[in-house]
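Enquirer: First residue of the sequence shown: 388, per the numbering used here; consecutive thereafter.
Even glycine gets a Cβ: it sits at the ideal position worked out from N, Cα and C.
Keep in mind it's a predicted model, so treat the numbers as computed, not measured.
Pasting a structure here, questions to come.
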Amino acid sequence: MIVKLNRFVALTSAMLIVVAGVGCGLIFPSLDPRLTDGGGGTLISALDKVAQGNLSGLTQDELQLLSDQINQAIQSANPGAPVNPLTNEQASAILEFLAANNLNSPEDFDAFSMQAEMDPDSVVIPPSLITAFSGDAPFADPDNPTPEEIEALLGMVFTM
Numbered sequence: 388m389i390v391k392l393n394r395f396v397a398l399t400s401a402m403l404i405v406v407a408g409v410g411c412g413l414i415f416p417s418l419d420p421r422l423t424d425g426g427g428g429t430l431i432s433a434l435d436k437v438a439q440g441n442l443s444g445l446t447q448d449e450l451q452l453l454s455d456q457i458n459q460a461i462q463s464a465n466p467g468a469p470v471n472p473l474t475n476e477q478a479s480a481i482l483e484f485l486a487a488n489n490l491n492s493p494e495d496f497d498a499f500s501m502q503a504e505m506d507p508d509s510v511v512i513p514p515s516l517i518t519a520f521s522g523d524a525p526f527a528d529p530d531n532p533t534p535e536e537i538e539a540l541l542g543m544v545f546t547m
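Here it is, written out as structure tokens:
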């Protein structure tokens with residue numbers, strides 16, 4: 388019984404330290420207008436969806452929160468590294484891409500990768516994805532991107 392109680396106290400203390408260290412954005416919605424205009428959510432709700440294998444269930448705001456946390460980690464590890472916050476348009480386009488290709492879990496990404504190599508035409512690229520990132524990855528003809536341009540776009544989107 389004492390061991391269980393000690394474990395409970397240790398876990399509770401660790402959770403309080405994490406919440407204090409990360410900030411209230413974990414539990415409470417952000418006050419940043421960029422993170423409150425696309426379906427809402429918190430870092431906890433976003434992480435829960437990721438853990439449950441429900442990436443396409445993320446809201447635009449949750450995806451932006453996750454992206455911002457990754458950007459902060461990159462900046463902490465490498466101050467001055469170039470990071471770009473996702474715009475509303477970019478977050479929405481990524482979510483459309485995830486939903487169109489049934490990408491919800493790491494296993495889905497593995498299967499998607501193999502399927503894309505075997506049949507590149509099976510990959511669904513919503514026009515919104517090209518539009519949202521066209522400033523970062525220019526296309527010769529945005530209405531008819533080449534396979535190389537699409538590969539470069541996806542590489543850029545998923546390594547931002």
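For A480 versus Q451, is the C-beta distance shorter than 7 Å?
Expert: For the purposes of this step, residue 480 is identified with residue 93 of the sequence shown, where counting begins at 1. For the purposes of this step, residue 451 is identified with residue 64 of the sequence shown, where counting begins at 1. Going by C-beta atoms, A480 is not nearer than 7 Å to Q451.
Enquirer: Less than 7 Å between the beta carbons of P534 and P507, yes or no?
Expert: If you number the sequence shown from 1, residue 534 lands on position 147. If you number the sequence shown from 1, residue 507 lands on position 120. In contact: P534 and P507 (Cβ atoms closer than 7 Å).
Enquirer: Could you tell me whether the stretch 499-506 touches the stretch 459-476, using the rule of 3 or more Cβ pairs below 8 Å?
Expert: With a cut-off of 8 Å, the stretch 459-476 and the stretch 499-506 do not count as touching, because too few Cβ pairs lie within range.
Enquirer: Residue range of the alpha helix (DSSP H) that T533 falls in?
Expert: Locating residue 533 in the sequence shown gives position 146, where the first residue counts as 1. That residue, T533, is in no alpha helix (DSSP H); it is neither H nor E in DSSP.
Enquirer: Report yes if the C-beta distance between N491 and L453 is below 7 Å; otherwise report no.
Expert: Taking the first residue of the sequence shown as 1, we reach residue 491 at position 104. Taking the first residue of the sequence shown as 1, we reach residue 453 at position 66. It is not a contact, given that the beta carbons lie outside the stated cut-off.
Enquirer: What residue from L516, G440, A527 and K436 has the CA that sits closest to M543's CA?
Expert: The residue given as residue 543 occupies position 156 in the sequence shown. It is L516.
Enquirer: For E483, I'd like the list of residues in its chain whose CB is within less than 8 Å of its CB, leaving aside the five on either flank, ordered along the chain.
Expert: Residue mapping note: residue 483 aligns to position 96 of the sequence shown, counting from 1. The answer, listed in chain order, is P513, S515 and L516.
Enquirer: A503 and V510 - do their beta-carbons sit closer together than 7 Å?
Expert: As a working note, residue 510 is residue 123 in the sequence shown. As a working note, residue 503 is residue 116 in the sequence shown. Yes, Cβ-Cβ distance for V510 and A503 is below 7 Å.
Enquirer: Considering just the uninterrupted stretch of the alpha helix (DSSP H) at V437, what are its terminal residues?
Expert: Position 50 of the sequence shown, counted from the start, is the residue given in the question as residue 437. That run of the alpha helix (DSSP H) goes L430 to A438.
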